[in-house]
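To start, the structure under review is shown below, and the notes come after it.
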Amino acid sequence: MAIIDLPPNHRRSLSVTAHFIEREMNSLEQTLLSGEDMITEKIEKSYNEPEREALIGAIRQLKELNKKMFYDLGLNETIHTEEQIVRAKAGHLWTILIDSTPKGLKGYGMLPPDQAEVLDVYVNNLLEMLKYLY
């Protein structure tokens, strides 16, 4: 039971805020804990162990405060299906890839035909595989 009865518009807005806080705190915590690099992005460690532990502690406190606010104010969870998430992300990737073809990159200048052909192969292979996510 909520400690106050917020109007629906306020509840919706604060629900989105709580969702954003939770997602970003989870991401930050994962960044500080994992230390794993991706192929396209390297994360250079810049905190010593006591600093890292303090940050993780603060992140966990923020998550707890956010959780308390969520329940105390009777906020609403967002419900998505896996299909919605996969299709939305696939659609976004599709747009990025289409914009990465030689034709999509024409605003950066024309590529020589041999380079355009190689780029087309890579982008088209990615687009073809992306179809399996739809």
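Okay, so the sequence shown: first residue is 780 according to the working numbering, each after it adds one. In this text, a Cβ means the ideal position worked out from N, Cα and C, and glycines have one as well. Computed from a predicted structure; not experimentally measured.
Here the alpha carbons of L905 and T819 stand approximately 16 Å from one another. Taking a 10 Å sphere around the C-beta of A833, we find fewer than 16 other C-beta atoms and assign the residue as exposed. Judged by DSSP secondary structure, S813 falls within the alpha helix (DSSP H) whose first and last residues are P787 to S813. With a cut-off of 8 Å on Cβ pairs, the segment 862-874 is not in contact with the segment 835-850, counting fewer than three such pairs. L912 is not a Cβ neighbour of L854, given a cutoff of 8 Å.
Counting every other CB atom within 10 Å of its CB across the protein chains shown gives I822 a total below 16, marking it as exposed. About 6 Å separates the CB atoms of D899 and P881; that is less than 8 Å, so the two are in contact.
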